[in-house]
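A short worksheet on the structure shown next.
2 protein chains.
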Amino acid sequence: MRSTSEAVDKRLDKLLKTPKGAESQLFEAMRYSLFAGGKRLRPFLVVASADLFEVDKSRAINVAVAIECIHTYSLIHDDLPAMDNDDLRRGKPTAHKAFGEAAAILAGDGLQTLAFEILSSPDTHRDANVRCELIMELAQASGIHGMVGGQMIDLASEGEDLNIGEVTRLQQMKTGALIAFSAEAGAILSKASKQKRQLLHGYARDLGLAFQITDDLLDYEGSPEETGKATQKDAGRGKATFVSLMGLERARQQAEMLAKQAIEHLEDFGGKALLLRALARYVLERRK
Amino acid sequence: MRSTSEAVDKRLDKLLKTPKGAESQLFEAMRYSLFAGGKRLRPFLVVASADLFEVDKSRAINVAVAIECIHTYSLIHDDLPAMDNDDLRRGKPTAHKAFGEAAAILAGDGLQTLAFEILSSPDTHRDANVRCELIMELAQASGIHGMVGGQMIDLASEGEDLNIGEVTRLQQMKTGALIAFSAEAGAILSKASKQKRQLLHGYARDLGLAFQITDDLLDYEGSPEETGKATQKDAGRGKATFVSLMGLERARQQAEMLAKQAIEHLEDFGGKALLLRALARYVLERRK
Chain A
1 MRSTSEAVDK RLDKLLKTPK GAESQLFEAM RYSLFAGGKR LRPFLVVASA
51 DLFEVDKSRA INVAVAIECI HTYSLIHDDL PAMDNDDLRR GKPTAHKAFG
101 EAAAILAGDG LQTLAFEILS SPDTHRDANV RCELIMELAQ ASGIHGMVGG
151 QMIDLASEGE DLNIGEVTRL QQMKTGALIA FSAEAGAILS KASKQKRQLL
201 HGYARDLGLA FQITDDLLDY EGSPEETGKA TQKDAGRGKA TFVSLMGLER
251 ARQQAEMLAK QAIEHLEDFG GKALLLRALA RYVLERRK
Chain B
1001 MRSTSEAVDK RLDKLLKTPK GAESQLFEAM RYSLFAGGKR LRPFLVVASA
1051 DLFEVDKSRA INVAVAIECI HTYSLIHDDL PAMDNDDLRR GKPTAHKAFG
1101 EAAAILAGDG LQTLAFEILS SPDTHRDANV RCELIMELAQ ASGIHGMVGG
1151 QMIDLASEGE DLNIGEVTRL QQMKTGALIA FSAEAGAILS KASKQKRQLL
1201 HGYARDLGLA FQITDDLLDY EGSPEETGKA TQKDAGRGKA TFVSLMGLER
1251 ARQQAEMLAK QAIEHLEDFG GKALLLRALA RYVLERRK
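Protein sequence lines, in the order shown, are assigned to chains A and B.
Okay, so the first sequence: first residue is 1 according to the working numbering, each after it adds one.
Okay, so the second sequence: first residue is 1001 according to the working numbering, each after it adds one.
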């Protein structure tokens, strides 16, 4: 994860040189949020998935950077006062606290644009059909039927009694779709078979849900010192979560079951799927 | 313009069917802003540019719809309280007034994603290289070195003494780049020569500036009843505009000169450029 993180940081740094003009605060806000010490989980998934198919590392990093731009834009916008109204993210003031709301909104907007610009570049893949497929899949994962739609449902459902099926659908849209795209990216880059892609999709679906459940557990059990963000937020907002619906013990068991199930999808890949297996175990053990 | 507008509306209506779930308000906010009676200036430019090269109308409409999604997202976000804080747009409450800030932010986000999804589709062009070029150009026109960067400069410069060169750069980024892309879209779709594309770029650069100057004139001279939005805003915010810098009479002359110059770029296209010429004249005469 560290080596992926370094490669992603280096590419981002090169892409986003702060200019001198009045727009400098836009670039500073983007850089601040991109380099705030995120786990780079999605980039790691892309690189691990690309490894399965021996995809050129530099191309995988381009896709990883695009996904991280989308992920970071979503965090900046979700933290805004009109949305989740969070002051703290990864132990630091959120973007709108540090740069003001206008710069934060524009930083998110600009990061989204940048993601698609990166994917459209021949550096990402020499075959334009592959680039267009990546763009289409990223747009679907992050748009109104994916991440953006999921965030709308999340906000609209505060104080509502969602059942487990509804919370699962919400999470699959809000976070699962982008995680699934990250895991499938290697298969798209290498034009792998539909069947191999399906295996990765299954892995990512289970991994994404396990990740969300451990997120709920950390919100319930963790401390701001450990997680770098406010905790016990969900209960405060009357949000239905896997923990509130299943209870602590069952939620923990469910996360374990899902991580195990995620690993089972990888059988066909044999020893090559080492990193993806390790990631499934990491999701259970993480403390932030 | 009416026929382009109808074709764009029809395509948008088909793309954005409101689902039943909790995310319905997101779709309603997007539709509200898309169907608020905009002039569809950019779609018209795309269609007129495509006409020059006998590009299939349905493909041109796809590009037009993508650009209108970007334009509409920018209006929704620019109107937000943290940005220009506008309550009225095209004679109706702005999106955040009608649907709340969270839905407005997400509607803008989702419209941006949708634009890139549309361009990545084989319906836009059968050659993926052309689709990638459209995506790259749209991203550059609307991103941090274009529209988003221009809006940041605009906000950061309130109360500052900008000179004409600085206001021109700001406007070329904030609105000019997307107008230029719209005018060049036909050339990209038909893989026209670099030289033809340059002519359209020159046309659009002059047209875009003329459009901005008449926008400043309308803000200065117009009434909310005529324009459908608050007027005399620029002076109230201490914004440097072409009118404040040049005075009314010189600004009017400058717009006329630019429109004339825009038309001169079209000479090589002969009678085919009828619509583009008419548009340059319309920009001078519009009352909203």
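For each residue, glycine too, the CB sits at the ideal point set by N, CA and C.
Predicted, not measured: the structure shown is a model, and the values here were computed from it.
Using a Cβ cut-off of 8 Å (strictly closer), state whether residue i contacts chain A.
i	result
B/C1132	yes
B/A1240	no
B/L1026	yes
B/E1256	no
B/A1022	yes
With a cut-off of 8 Å on the beta carbons, I'd call residue i and residue j a contact; round off their distance for me.
i	j	result
A/L284	A/A251	Incorrect: roughly 12 Å between the Cβ atoms, too far for contact.
B/A1177	B/G1146	4 Å
A/D127	A/N62	Contact doesn't hold; Cβ gap of about 14 Å is too wide.
B/R1059	B/L1075	With 8 Å as the limit, B/R1059 and B/L1075 do not qualify as a contact, their Cβ atoms being about 25 Å apart.
A/K229	A/D9	No, A/K229 and A/D9 are not in contact; Cβ-Cβ is about 21 Å, not under 8 Å.
B/G1290	A/L114	Coverage of chain B is limited to positions 1001 through 1288, which leaves residue 1290 of chain B absent and any answer about it impossible.
A/L199	A/D268	6 Å
B/T1094	B/R1040	That belief does not hold up - the Cβ atoms of B/T1094 and B/R1040 are roughly 19 Å apart, past 8 Å.
A/L16	A/R31	6 Å
B/S1223	B/T1231	6 Å
Which residue wins for smallest C-alpha separation from residue i, given the options the options?
i	options	result
A/G238	A/L114, A/A36 and A/D161	A/D161
B/T1175	B/K1191, B/L1138, B/S1190 and B/N1163	B/L1138
B/A1082	A/F53, A/E267, A/F99 and A/G222	A/F99
A/L169	A/I188, A/L114, A/F242 and A/D234	According to the sequence provided, residue 169 of chain A is Arg. The question's Leu does not apply to it. Taking only the C-alpha atoms, the option nearest A/R169 is A/F242.
A/Q25	A/I105, A/I61 and A/T72	A/I105
A/F181	A/R31, A/K10, A/P19 and A/R42	A/R42
A/L266	A/Y32, A/S49 and A/L15	A/S49
B/G1165	B/M1246, B/A1185 and B/F1027	B/M1246
B/Y1233	B/L1045, B/R1277, B/K1092 and B/D1079	Per the sequence presented here, residue 1233 of chain B reads as Lys, with Tyr not at that position. Measuring from the Cα of B/K1233, the nearest candidate turns out to be B/D1079.
B/A1156	A/N85, A/A7 and A/K20	A/K20
B/A1107	B/L1217, B/I1135 and B/L1034	B/L1034
A/G149	A/N163, A/C132 and A/Q171	A/Q171
B/G1186	B/F1211, B/E1054 and B/S1142	B/E1054
A/D13	A/E68, A/H96 and A/E23	A/E68
B/D1084	B/L1200, B/A1273, B/L1207 and B/E1158	B/E1158
A/A374	A/G37, A/F27 and A/F44	A query on residue 374 of chain A cannot be resolved here, the shown segment of chain A reaching from 1 to 288 and no further.
A/D154	A/Q195, A/A240, A/H71 and A/A103	A/A240
A/V47	A/L274, A/R286, A/K288 and A/R281	A/L274
B/L1052	B/D1215, B/E1226, B/K1097 and B/R1197	B/R1197
A/N129	A/S190, A/A280, A/L209 and A/A36	A/S190
A/F116	B/H1096, B/Q1140 and B/A1103	B/Q1140
B/L1248	B/D1216, B/Y1282, B/G1271 and B/E1225	B/D1216
B/D1206	B/A1183, B/T1227, B/A1192 and B/P1224	B/A1183
A/E6	A/E28, A/G37, A/E264 and A/I135	A/G37
A/R218	A/K288, A/E28 and A/A192	Note that residue 218 of chain A is Leu in the sequence shown here, rather than Arg. For the residues A/K288, A/E28 and A/A192, the minimum Cα distance to A/L218 belongs to A/K288.
A/V167	A/L134, A/M136, A/Q212 and A/D56	A/Q212
A/A64	A/E23, A/I263, A/M1 and A/E264	A/M1
B/E1028	A/M152, A/A255 and A/M173	A/M152
Got a sec: is the Cβ-Cβ distance from residue i to anything in chain B below 8 Å?
i	result
A/F181	no
A/M136	yes
A/A95	no
A/N129	yes
A/E101	yes
(request) Pick out the complete alpha helix (DSSP H) segments inside the segment 1010-1087 of chain B, 4 residues or longer, and give them in chain order. (result) 1024-1034, 1041-1052 and 1057-1079
(request) Scan the segment 75-87 of chain A for residues whose Cβ lies nearer than 7 Å to a Cβ of chain B and list them as they occur along the chain. (result) H77, L80, A82 and M83
(message) Give the list of continuous alpha helix (DSSP H) stretches no shorter than 4 residues that lie fully inside the segment 1235-1285 of chain B.
(response) Complete alpha helix (DSSP H) runs here, min 4: 1242-1246, 1248-1264 and 1274-1285.
(request) Mind checking the segment 190-206 of chain A against chain B and listing, in chain order, the residues whose C-beta falls within less than 7 Å of any C-beta there? (result) none
(request) Compile a chain-ordered list of the residues in the segment 1103-1123 of chain B whose CB is closer than 9 Å to at least one CB of chain A. (result) Contact residues of the segment 1103-1123 of chain B toward chain A are A1103, A1104, I1105, L1106, A1107, G1108, D1109, G1110, L1111, Q1112, T1113, L1114, A1115, F1116, E1117, I1118, L1119, S1120, S1121 and P1122 (C-beta to C-beta distance below 9 Å).
(message) Under 7 Å, CB to CB, which of the residues in the segment 1138-1161 of chain B have a partner in chain A?
(response) A1139, Q1140, S1142, G1143, I1144, V1148, G1149, Q1151, M1152, I1153, L1155, A1156 and S1157
(request) Jot down the residue ranges of each uninterrupted alpha helix (DSSP H) in the segment 1120-1157 of chain B, minimum 4 residues, whole runs only, in chain order. (result) 1128-1142 and 1147-1156
(request) Could you name each continuous alpha helix (DSSP H) segment of 4 residues or more that falls completely within the segment 184-242 of chain A, going from the start of the chain to the end? (result) 194-221, 224-227 and 233-236
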